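Undergrad:
Residue numbers (this note's numbering): 7 to 516.
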């Protein structure tokens, strides 16, 4: 009996201490939000558990986690918690609906109204850019933690801000006429502004300060392999007037874009981080060039240029170097310490240089054949990358931008940085079950690709370009490829699994 009395006294003393430690305002708020005294009708039924207040916004991660520890893929505000089944749809993130809605509005605004003058188009462009920014602002706020942390999260926030500026600038350009758009490009050309020293051939308008059509170069004019005779050299020194045995091939290798081709595929290898995926994109783009060479002369190449120089040399070397880079950092032992943790000045300088290296590096294993959804998402990533490559040539062609103009390089670098973040979001969405939706970078990439397509389609219609019909072999080839793929897709993911299930049921019964 004395023990029971002591236990009651200790519990009463503990409750009194908790009441003292709890602020008075907190106790009042807790009673007003449902923690009413027993027998009271306020806050719920008598004797029922405490009815918590409905939270309109609730984090998906525990409150104890800080913003820096939240995953950039799953740490998205969930605004649908606490709503009934009739209104929950309105509070869920709808990235795809926003993408389709934005593309539809821009299409109708540019293809359903009469062509205006420069002043009218400028007003429309400003309104369109405002709409594009508000459309992006309507998406749920992204997590505070960036996808990549090196060299610093600030760098990747600036990259995202630059992408948004490019997204709005493209929207403004979309509302202009083709002649005004070509004229406006000269204002942002760094060669004309004195920011970069360029030759006249690299300037927009060929150095004349006004739009001018480009002399498109075809790489399929001279496809003869052996061009030498007696005394020719396998690799000739043209400064010494030596005769090359393979003049056309040597000229293609010495072209200014040969090295850029290797660097480009090194960058794509870092984006995809999978050798098979990189090879599929490498071969697929050669078929894209063959299919659209009747629109753009740059796509016309000799057979040895397509097969040997592009696929087997430039692309293969770029993919190989990219994966050497990936596997080196993937197996590297990271011992990150603060700079102040090193004693010598040499070690501190080395650690400062390592700040620009990745904190960790993972190769991607897409497992694309595990499910129909995963395969379709992977194919969507392939198609978006191919579309980005095609847009580079189409925009350059329709806006009369020379290939050596720095604007082409700036765009590719920006797409490389955005592509690494967007493809990582696609990869997490495909392989991580905790990720329920794509991220903001994937949405920005898809929206920018859509606007770029609308630009060259609209301007091509005004300039009477891109109207030549596809050759018959192109239509037959792609139709056959789609039919074969659809048949294989149905058999592999539906017919074969059903047959396996039936056989397993029969074995169980027997």
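No residue lacks a Cβ here, since even glycine has one placed at the ideal position from N, Cα and C.
For clarity, every value in this text was computed on a predicted model and none was experimentally measured.
Per DSSP, what kind of secondary structure is residue 250 in: helix, strand or coil?
TA: Counting from 1 along the chain shown, the entry for residue 250 is found at position 244. Three-state DSSP puts residue 250 in a strand.
Undergrad: Give the DSSP-derived three-state secondary structure of residue 239 in the structure shown.
TA: To locate residue 239, count along the chain shown from 1; it is residue 233. Three-state DSSP puts residue 239 in a strand.
Undergrad: Report the rounded CA-to-CA distance for residue 422 versus residue 389, giving the unit in angstroms.
TA: Locating residue 422 in the chain shown gives position 416, counting from the first residue. Locating residue 389 in the chain shown gives position 383, counting from the first residue. For residue 422 and residue 389, the distance between alpha carbons rounds to 16 Å.
Undergrad: Please indicate yes or no: does the CB of residue 229 lie closer than 7 Å to some heavy atom of the ligand ZN?
TA: This structure does not include the ligand ZN; it has no bound ligands of any sort.
Undergrad: Is the segment 122 to 137 in contact with the segment 431 to 448, if contact means three or more CB pairs nearer than 8 Å?
TA: No, because fewer than three Cβ pairs between the segment 122 to 137 and the segment 431 to 448 fall closer than 8 Å, the two stretches do not touch.
Undergrad: On a Cα-Cα basis, can you pick out the residue from 451, 264, 206 and 462 that is closest to residue 180?
TA: What you label residue 180 is simply residue 174 of the chain shown in a count that begins at 1. Selected option, being the one with the closest Cα: 462.
Undergrad: What's the call for residue 307, buried or exposed, on a 16-neighbour Cβ count within 10 Å?
TA: Translated into positions along the chain shown, residue 307 becomes position 301. By the 10 Å Cβ count, residue 307 comes out buried.
Undergrad: Starting from the N-terminal side, write out each stretch of the alpha helix (DSSP H) that is 4 residues or longer and does not extend beyond the segment 409 to 478.
TA: Fully enclosed alpha helix (DSSP H) runs of 4 or longer: 412 to 437 and 446 to 468.
Undergrad: Can you tell me the Cβ-Cβ gap for residue 290 and residue 392, rounded? I've got them flagged as a contact below 8 Å.
TA: Position 284 of the chain shown, counting from 1, holds the residue named residue 290. Position 386 of the chain shown, counting from 1, holds the residue named residue 392. Rounded, the Cβ-Cβ distance is 6 Å, consistent with contact.
Undergrad: Give me the Cα-Cα distance between residue 173 and residue 166, rounded to the nearest whole angstrom.
TA: Position 167 of the chain shown, counted from the start, is the residue given in the question as residue 173. Position 160 of the chain shown, counted from the start, is the residue given in the question as residue 166. Residue 173 and residue 166: Cα-Cα distance of roughly 10 Å.
Undergrad: Mapping the DSSP letters down to three states, classify residue 225 as helix, strand or coil.
TA: Numbered from its first residue, the chain shown carries residue 225 at position 219. Residue 225: strand per DSSP, three-state reduction.
Undergrad: Below 8 Å CB to CB, which residues in the same chain sit around residue 132 once its five sequence neighbours on both sides are set aside?
TA: In the chain shown, counting from the first residue as 1, residue 132 sits at position 126. Same-chain partners within the cutoff: 178.
Undergrad: Just how far apart, CA to CA, sit residue 320 and residue 257?
TA: Position 314 of the chain shown holds residue 320. Position 251 of the chain shown holds residue 257. Taking the straight line joining both Cα atoms gives about 15 Å.
Undergrad: Considering Cα atoms alone, identify which of 211, 324, 450 and 484 is closest to residue 187.
TA: Position 181 of the chain shown, counted from the start, is the residue given in the question as residue 187. Looking at the Cα atoms, 211 is the closest of the given residues.
Undergrad: Leaving out five residues on either side along the sequence, give the residues of the same chain with a beta carbon under 7 Å from the beta carbon of residue 292.
TA: Sequence index remark: in the chain shown, residue 292 carries index 286 (1-based). Within the same chain, residue 292 has close Cβ partners 312, 316 and 317.
Undergrad: Should residue 275 and residue 325 be called a contact, given that it needs their Cβ atoms to be closer than 8 Å?
TA: Position 269 of the chain shown holds residue 275. Position 319 of the chain shown holds residue 325. Yes, the pair counts as a contact, with Cβ atoms nearer than the cut-off.
Undergrad: According to the neighbour-count rule (16 or more other Cβ atoms, all chains shown, within 10 Å of its Cβ), is residue 143 buried or exposed?
TA: Along the chain shown, read from residue 1 onward, the residue named residue 143 stands at position 137. Classification for residue 143: exposed.
Undergrad: Quick check on residue 300 - is its C-beta less than 8 Å from some C-beta in chain B?
TA: The chain inventory of the structure shown lacks chain B, comprising one protein chain alone.
Undergrad: If residue 116 sits next to residue 460, beta carbons under 8 Å apart, how far is it from one beta carbon to the other, in whole angstroms?
TA: Here residue 116 corresponds to residue number 110 of the chain shown, with the count starting at 1. Here residue 460 corresponds to residue number 454 of the chain shown, with the count starting at 1. Sure, about 7 Å apart at Cβ, within 8 Å.
Undergrad: What did DSSP end up calling residue 504 once you bin it into helix, strand or coil?
TA: Position 498 of the chain shown, counting from 1, holds the residue named residue 504. In this structure, residue 504 counts as helix in the three-state DSSP scheme.
Undergrad: Can you give the Cα-Cα distance for residue 208 and residue 267, rounded to whole angstroms?
TA: Position 202 of the chain shown holds residue 208. Position 261 of the chain shown holds residue 267. So the alpha carbons of these two residues sit roughly 18 Å apart.
Undergrad: Tell me the rounded alpha-carbon separation between residue 254 and residue 229.
TA: For the purposes of this step, residue 254 is taken as residue 248 along the chain shown, with counting starting at 1. For the purposes of this step, residue 229 is taken as residue 223 along the chain shown, with counting starting at 1. Each residue's Cα considered, the two are about 7 Å apart.
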